[in-house]
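Asker:
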Amino acid sequence: QQKVQQSPESLSVPEGGMASLNCTSSDRNFQYFWWYRQHSGEGPKALMSIFSDGDKKEGRFTAHLNKASLHVSLHIRDSQPSDSALYFCAASERGTGANTGKLTFGHGTILRVHP
Amino acid sequence: GGIITQTPKFLIGQEGQKLTLKCQQNFNHDTMYWYRQDSGKGLRLIYYSITENDLQKGDLSEGYDASREKKSSFSLTVTSAQKNEMAVFLCASSIPRLGSSYEQYFGPGTRLTVL
Chain W
7 QQKVQQSPES
17 LSVPEGGMAS
27 LNCTSSDRNF
37 QYFWWYRQHS
47 GEGPKALMSI
57 FSDGDKKEGR
67 FTAHLNKASL
77 HVSLHIRDSQ
87 PSDSALYFCA
97 ASERGTGANT
107 GKLTFGHGTI
117 LRVHP
Chain U
159 GGIITQTPKF
169 LIGQEGQKLT
179 LKCQQNFNHD
189 TMYWYRQDSG
199 KGLRLIYYSI
209 TENDLQKGDL
219 SEGYDASREK
229 KSSFSLTVTS
239 AQKNEMAVFL
249 CASSIPRLGS
259 SYEQYFGPGT
269 RLTVL
């Protein structure tokens, strides 16, 4: 079973709209969560991290973590065409996993922002 | 800032051929990673190295070898390329922190095609 599951597989939103991406982990050892974004032809780039319960806001991006349900979400307000990309949720374990920086990635959500 | 360089950008090989991919980073990061990215399957960890001359297997190490010649470079070898294999291989680096999780920086990738 995939340890980090993302939904939806793809999402289309109008320019200026809100995009909501979801991620759920099946492994309670995962304590640290990241969102990465990958534009076509490039490597992924870290968007933001969230390690504590609740919301974390960075500009137009807000991440929410619920450790009890192992659910993390990413909300992009005022979406722009440049936000069109593949978004990955990634998780790492505390202890050994955290010491090595090892991440487990989900399959990704393709976001398309149309004018 | 730093950069991760991957060579070659495109690699075309024959079935059964041994192929080597190279990665260099100038962040002075301790830990380096090799991932394979297939369409619809996210990123899967092949090998990682937490320091020079260290090698750790990931979830997808079968069919691959790796070498961490020095702190700044990490090579991946496909020991016997499989026909119709097409994937992007991504190199990353990070500085893991005890009790936390640290950002991974990715290179642009090497796109492999096996004829």
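Residue numbers (my numbering), protein chains in the order written: chain W, 7 to 121; chain U, 159 to 273. C-beta: ideal position from N, C-alpha, C; glycine also. Just so we're clear, the structure is a prediction, and the values are computed from it rather than from any experiment.
1) Quick one: does Thr68/W have its CB under 8 Å from some CB of chain U?
2) Measure the C-alpha to C-alpha separation of Ser156/W and Ser16/W and round it to an integer number of angstroms.
3) Do Leu177/U and Val236/U have their C-beta atoms closer together than 8 Å?
4) Listed from N- to C-terminal order along the chain, which residues in the segment 38-60 of chain W have their beta-carbon within a distance smaller than 9 Å of any beta-carbon of chain U?
5) Starting from the Cα of Trp40/W, find the closest Cα among Gly47/W, Ser55/W, Lys51/W and give me that residue.
6) Below 8 Å between beta carbons: does that hold for Val119/W and Glu48/W?
7) Please report the straight-line C-alpha distance between Lys241/U and Leu169/U, rounded to a whole angstrom.
8) Using the C-alpha atoms, what's the distance from Lys229/U back to Leu270/U?
9) Roughly how many angstroms separate the alpha carbons of Thr189/U and Gly60/W, rounded to a whole number?
10) Compute the beta-carbon to beta-carbon distance between Cys181/U and Ser252/U, rounded to the nearest angstrom, for a pair I have assumed lies under 8 Å.
11) Using only alpha-carbon positions, find the residue among Lys167/U, Gly174/U, Gln183/U, Arg202/U that is nearest to Gly160/U.
12) Give the DSSP-derived three-state secondary structure of Asp89/W in the structure shown.
13) Who are the near neighbours of Thr110/W in its chain, counting only those whose CB is closer than 6 Å to its CB and skipping five residues on each side?
14) In chain order, what residues of the same chain lie with their CB nearer than 7 Å to the CB of Arg66/W, ignoring the 5 residues before and after it?
15) Classify Thr106/W as helix, strand or coil using the three-state DSSP reduction.
16) Quick check: is the beta carbon of Ile129/U nearer than 8 Å to any beta carbon in chain W?
17) For a contact defined as C-beta to C-beta under 8 Å, what are the partners of Leu270/U on chain A?
18) Using the Cα positions of Ala69/W and Gly200/U, report the straight-line distance between them to the nearest angstrom.
19) Please report whether the beta-carbon of His113/W lies at a distance below 8 Å from any beta-carbon of chain U.
20) Report yes if the CB atom of Tyr93/W is closer than 8 Å to the CB atom of Ser259/U, and no otherwise.
21) Name the two residues that bound the continuous beta strand (DSSP E) containing Gly221/U.
Answerer: Let me spell this out:
1) To locate residue 68/W, count along the first sequence from 1; it is residue 62. Output row for Thr68/W: interface = no.
2) Summary: the structure shown does not reach residue 156/W, with chain W confined to residues 7 through 121, and so no result is reported for it.
3) Here residue 177/U refers to the residue found at position 19 when the second sequence is read from its first residue. Here residue 236/U refers to the residue found at position 78 when the second sequence is read from its first residue. Closer than 8 Å, so yes.
4) Of all residues in the segment 38-60 of chain W, Tyr38, Phe39, Trp40, Tyr42, Gln44, Gly47, Glu48, Gly49, Pro50, Lys51, Ala52, Ser55, Phe57 have a Cβ within less than 9 Å of some Cβ in chain U.
5) For the purposes of this step, residue 40/W is taken as residue 34 along the first sequence, with counting starting at 1. When only C-alpha atoms are compared, the closest one is Ser55/W.
6) Here the question's residue 119/W lines up with position 113 in the first sequence. Here the question's residue 48/W lines up with position 42 in the first sequence. Using a Cβ distance threshold of 8 Å, Val119/W and Glu48/W do not count as a contacting pair.
7) On the second sequence, residue 241/U is found 83 positions in, with the first residue counted as 1. On the second sequence, residue 169/U is found 11 positions in, with the first residue counted as 1. Each residue's CA atom was taken as its position, placing Lys241/U and Leu169/U some 13 Å apart.
8) Start at 1 with the first residue of the second sequence, and residue 270/U comes out as number 112. Start at 1 with the first residue of the second sequence, and residue 229/U comes out as number 71. It is roughly 25 Å from the alpha-carbon of Leu270/U to the alpha-carbon of Lys229/U.
9) Within the second sequence, numbered from 1, the residue matching residue 189/U stands at position 31. Within the first sequence, numbered from 1, the residue matching residue 60/W stands at position 54. Using only the alpha carbons, I get a separation of about 30 Å.
10) Your numbering for residue 181/U matches position 23 in the second sequence. Your numbering for residue 252/U matches position 94 in the second sequence. Your pair Cys181/U and Ser252/U does not check out as a contact, with CB atoms roughly 13 Å apart and the cut at 8 Å.
11) As a working mapping, residue 160/U is identified with position 2 in the second sequence. Checking every option, the nearest Cα to that of Gly160/U belongs to Gln183/U.
12) Here residue 89/W is taken as the residue at index 83 of the first sequence, counted from 1. Taken through DSSP and simplified to helix, strand or coil, Asp89/W comes out as helix.
13) Residue numbering aside, residue 110/W sits at position 104 when the first sequence is read from its first letter. Excluding sequence neighbours, Thr110/W sits near Lys9, Val10, Ala97.
14) Residue 66/W sits at position 60 when you count from the first residue of the first sequence. Closer than 7 Å at the Cβ level, and outside the excluded window around Arg66/W, lie Ile82, Arg83, Asp84.
15) Indexing the first sequence from 1 puts residue 106/W at position 100. Note: Thr106/W maps to helix in three-state DSSP.
16) Residue coverage of chain U in this structure runs from 159 to 273, which leaves residue 129/U outside it and unanswerable.
17) No chain A appears in the structure shown, which is made up of the protein chains W and U.
18) Locating residue 69/W in the first sequence gives position 63, counting from the first residue. Locating residue 200/U in the second sequence gives position 42, counting from the first residue. Their Cα atoms are separated by approximately 20 Å.
19) To locate residue 113/W, count along the first sequence from 1; it is residue 107. At a cut-off of 8 Å, the C-beta of His113/W has a neighbouring C-beta in chain U.
20) Within the first sequence, the letter at position 87 stands for residue 93/W. Within the second sequence, the letter at position 101 stands for residue 259/U. For Tyr93/W and Ser259/U, no; Cβs fall outside 8 Å.
21) Your numbering for residue 221/U matches position 63 in the second sequence. Neither: Gly221/U is in no beta strand (DSSP E) and is coded neither H nor E.
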